[in-house]
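Residue numbers (the numbering used here): 8 to 344.
Glycine is no exception: its CB is placed at the ideal position from the N, C-alpha and C atoms.
Quick caveat: nothing in here was measured; it's all calculated off a predicted structure.
Report on one structure; see the data block that follows.
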Ligand code: AHG
Ligand code: MN
Ligand code: MN
């Protein structure tokens with residue numbers, strides 16, 4: 008079959024045997040994410056109709072409460088993944104603690120934990136700008152059949168078995184990796200199927216786009232300030248172009264296709280940065296590395312950071328390899344190394 012006509016469902020099955028622990032369970036989990044993405048996509052597309060169908064907090068005509076979209080997305084992803092007996096625990100940006108699934112059942116053979124940002128860039132919803140969902144999948148480290156524990160979630164990003172995102176943009180796409188490259192699938196809304204539209208995605212080694220919230224400039228460390236000035240300097244192929252959507256998923260997606268760097272550094276306002284290690288930075292870093300890009304906090308590879316809590320934040324610099332290395336050089340220099 009021509010690769011271009013392959014659906015996501017077909018691709019998942021065809022590539023199952025290439026996955027080292029292939030037992031069909033990961034495929035089933037990816038399929039449940041695909042299904043939830045379609046349901047959330049449908050709801051995200053109606054966001055502009057809020058004045059007609061009611062805003063969050065209202066009660067609709069069927070007497071149901073209208074929910075905020077991030078709460079809705081959270082529920083849909085959790086419901087869909089819980090129904091299939093594959094996941095033993097889920098951690099979400101929208102939940103203070105992790106959720107244990109069927110933890111009282113000794114016969115529960117579920118091996119995987121999922122960490123998720125159900126709706127990323129949610130402040131963009133009201134203004135019709137693209138948002139996303141980010142997911143990260145690990146094998147549990149505690150024995151199968153016992154209640155899931157916090158250490159199952161606090162694994163280094165390098166232990167991820169799969170990660171990806173959905174981008175609800177001008178078209179809706181799922182982009183994911185199981186550690187053998189990155190592939191992107193575009194939803195045909197008329198048919199309701201995702202088709203392989205972006206096989207083997209790779210970052211250009213160099214790029215011309217830098218993405219950072221420059222409103223925070225005065226609060227940034229000196230190394231980041233110097234790097235931003237470097238991006239703006241007129242020399243060689245510079246100045247670079249600045250592009251910042253404010254949805255990590257969309258900014259990353261564009262940079263991976265066109266070549267670029269995304270920065271959310273620490274600042275005097277947010278000493279550890281803003282983005283969350285477990286369900287924002289690690290999955291995006293895994294995708295970046297699988298696509299020949301790079302990701303760090305300026306000094307340490309993102310995937311090597313040992314997490315200590317579920318919602319911890321890290322500074323995040325991610326994108327085209329040469330650009331990230333240049334930013335790291337500026338960080339080291341300002342640090343006196
Ligand atoms: P979320 O909507 O899940 O809270 O995440 C928003 C994140 C990320 O998507 C985006 O890149 C960043 O926050 C934007 O932050 P600023 O508004 O501070 O630039
Ligand atoms: Mn987010
Ligand atoms: Mn979110």
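Legend entry - Same chain only: Cβ atoms within 7 Å of residue 274, ignoring 5 sequence neighbours per side: Start at 1 with the first residue of the chain shown, and residue 274 comes out as number 267. So the list reads 223, 226 and 227, once near-sequence residues are dropped.
Inset, instruction - Determine the extent of the beta strand (DSSP E) in which residue 301 is found, giving its start and end residues. - result: Within the chain shown, the letter at position 294 stands for residue 301. Per DSSP, residue 301 belongs to the beta strand (DSSP E) from 300-303.
Legend entry - Terminal residues of the beta strand (DSSP E) in which residue 193 lies: Position 186 of the chain shown holds residue 193. Residues 190-195.
Inset, instruction - Tell me whether residue 100 counts as near ligand 3, meaning its Cβ is closer than 6 Å to at least one heavy atom of that ligand. - result: For the purposes of this step, residue 100 is identified with residue 93 of the chain shown, where counting begins at 1. Residue 100 Cβ: within cutoff of ligand 3.
Legend entry - Same chain only: Cβ atoms within 8 Å of residue 177, ignoring 5 sequence neighbours per side: In the chain shown, counting from the first residue as 1, residue 177 sits at position 170. Once the five neighbours on either side are set aside, the close Cβ partners of residue 177 are 137.
Inset, instruction - Could you check the C-alpha separation between residue 139 and residue 269 for me, to the nearest Å? - result: Here residue 139 corresponds to residue number 132 of the chain shown, with the count starting at 1. Here residue 269 corresponds to residue number 262 of the chain shown, with the count starting at 1. Those two C-alpha atoms are separated by around 16 Å.
Inset, instruction - Check residue 144 in the structure and name its three-state DSSP category. - result: For the purposes of this step, residue 144 is taken as residue 137 along the chain shown, with counting starting at 1. In the structure shown, residue 144 sits in a strand (DSSP, three-state: E or B).
Inset, instruction - Look at residue 295 and residue 234 and say whether their C-beta atoms are less than 7 Å apart. - result: Against the chain shown, residue 295 aligns to sequence position 288. Against the chain shown, residue 234 aligns to sequence position 227. Result no, Cβ atoms of residue 295 and residue 234 do not sit closer than 7 Å.
Legend entry - Exposed unless 16 or more other CB atoms sit within 10 angstroms - verdict on residue 8: For this step, residue 8 is matched to residue 1 along the chain shown. Confidence is the limiting factor: at residue 8 the pLDDT is only 48, short of 50, which leaves the residue's position unreliable, though a coordinate-based value still follows. Classification of residue 8: exposed, given that the 10 Å Cβ count is below 16.
Inset, instruction - Using 6 Å as the cut-off, classify the Cβ of residue 176 as near or not near the heavy atoms of ligand 1, replying yes or no. - result: In the chain shown, the residue the question calls residue 176 occupies position 169. The answer is no for residue 176.
Inset, instruction - Please determine if the stretch 34-54 and the stretch 81-95 are in contact, where contact requires at least 3 C-beta pairs separated by less than 8 Å. - result: yes
Inset, instruction - Identify, in the order they occur along the chain, each residue of the same chain with its Cβ nearer than 8 Å to the Cβ of residue 88, setting aside the five sequence neighbours on each side. - result: By one-based count along the chain shown, residue 88 stands at place 81. The residues are 36, 39, 40, 43, 94, 97 and 121.
Inset, instruction - Spell out whether any CB of chain D is found under 7 Å from the CB atom of residue 156. - result: No chain D appears in this structure, which consists of one protein chain only.
Legend entry - Candidates 56, 297 and 101: closest to residue 318 by CA position: By 1-based counting over the chain shown, the position of residue 318 is 311. Here the closest residue by C-alpha is 101.
Legend entry - Sheet register partners of residue 248 (DSSP bridge): Taking the first residue of the chain shown as 1, we reach residue 248 at position 241. For residue 248, the beta-bridge partners assigned by DSSP are 216.
Legend entry - Same chain only: Cβ atoms within 7 Å of residue 248, ignoring 5 sequence neighbours per side: Looking up residue 248 in the chain shown gives position 241. Cβ neighbours of residue 248 beyond the five flanking positions: 215 and 216.
Legend entry - ligand 2 heavy atom lying under 6 Å from the CB of residue 124: Position 117 of the chain shown holds residue 124. True, at least one ligand heavy atom lies under 6 Å from that Cβ.
Inset, instruction - Within the same chain, show all residues whose beta-carbon is closer than 6 Å to that of residue 289, passing over the 5 residues directly before and after it, in chain order. - result: Here residue 289 refers to the residue found at position 282 when the chain shown is read from its first residue. If we look at residue 289 and ignore the five residues flanking it on each side, its Cβ neighbours are 143 and 164.
Inset, instruction - Using 6 Å as the cut-off, classify the Cβ of residue 302 as near or not near the heavy atoms of ligand 1, replying yes or no. - result: Residue numbering aside, residue 302 sits at position 295 when the chain shown is read from its first letter. For ligand 1, not one heavy atom lies less than 6 Å from the Cβ of residue 302.
Inset, instruction - Determine, using beta carbons only, whether residue 218 and residue 266 come nearer to each other than 7 Å. - result: Here the question's residue 218 lines up with position 211 in the chain shown. Here the question's residue 266 lines up with position 259 in the chain shown. No, they are not a contact pair.
Inset, instruction - Output yes or no for whether 7 Å exceeds the beta carbon distance between residue 286 and residue 323. - result: In the chain shown, the residue the question calls residue 286 occupies position 279. In the chain shown, the residue the question calls residue 323 occupies position 316. Result no, Cβ atoms of residue 286 and residue 323 do not sit closer than 7 Å.
Legend entry - Residue interval of the alpha helix (DSSP H) (run including residue 49): Against the chain shown, residue 49 aligns to sequence position 42. Per DSSP, residue 49 belongs to the alpha helix (DSSP H) from 32-51.
Legend entry - Proximity to residue 141 [Cα-Cα], best of 282, 305 and 264: Position 134 of the chain shown, counted from the first residue, corresponds to residue 141. Considering only alpha carbons, the answer is 282.
Inset, instruction - Confirm the yes/no value for this check: CB of residue 257, any heavy atom of ligand 3, distance under 6 Å. - result: Walking along the chain shown from the start, residue 257 turns up at place 250. It does not: the Cβ of residue 257 is nowhere closer than 6 Å to a heavy atom of ligand 3.
Legend entry - Pairwise C-alpha distance: residue 128 and residue 107: Translated into positions along the chain shown, residue 107 becomes position 100. Translated into positions along the chain shown, residue 128 becomes position 121. In a straight line, the C-alpha of residue 107 is about 27 Å away from that of residue 128.
Inset, instruction - Excluding the 5 residues preceding and the 5 following residue 48 in the sequence, name in chain order all residues of the same chain whose CB lies nearer than 7 Å to its CB. - result: The count along the chain shown starts at 1 and reaches residue 48 at position 41. Closer than 7 Å at the Cβ level, and outside the excluded window around residue 48, lie 175, 179 and 194.
Legend entry - Among 200, 64 and 86, nearest to residue 45 - alpha-carbon criterion: For the purposes of this step, residue 45 is identified with residue 38 of the chain shown, where counting begins at 1. Minimum Cα distance to residue 45 is reached at 200.
Inset, instruction - Check the DSSP bridge columns for residue 14 and list the partner residues they point to. - result: Position 7 of the chain shown holds residue 14. Bridge partners of residue 14: 202.
Inset, instruction - Give the straight-line distance between the Cα atoms of residue 187 and residue 52, rounded to the nearest whole angstrom. - result: As a working mapping, residue 187 is identified with position 180 in the chain shown. As a working mapping, residue 52 is identified with position 45 in the chain shown. If I take the Cα positions, the gap works out to 32 Å.
Inset, instruction - Could you round the C-beta distance between residue 126 and residue 56 to whole angstroms and report it? I think they count as a contact, below 8 Å. - result: Mapped onto the chain shown, residue 126 falls at position 119. Mapped onto the chain shown, residue 56 falls at position 49. Not confirmed; about 17 Å, so no contact.
Inset, instruction - Could you tell me whether any non-hydrogen atom of ligand 1 is closer than 6 Å to the CB of residue 220? - result: Reading the chain shown from its first residue, position 213 is the one you call residue 220. At least one heavy atom of ligand 1 is nearer than 6 Å to the Cβ of residue 220, so yes.
Legend entry - Closer than 6 Å: residue 171 CB and nearest ligand 1 heavy atom: Locating residue 171 in the chain shown gives position 164, where the first residue counts as 1. Flag unset: Cβ of residue 171 not near ligand 1.
Legend entry - Best match in 54, 85, 160 and 168 for proximity to residue 132 [C-alpha to C-alpha]: Residue numbering aside, residue 132 sits at position 125 when the chain shown is read from its first letter. If we check each option's Cα against that of residue 132, 54 comes out closest.
Inset, instruction - Indicate whether residue 263 and residue 192 have their beta-carbon atoms separated by less than 7 Å. - result: Taking the chain shown and counting its residues from 1, the one referred to as residue 263 is at position 256. Taking the chain shown and counting its residues from 1, the one referred to as residue 192 is at position 185. No, the pair does not count as a contact, with Cβ atoms beyond the cut-off.
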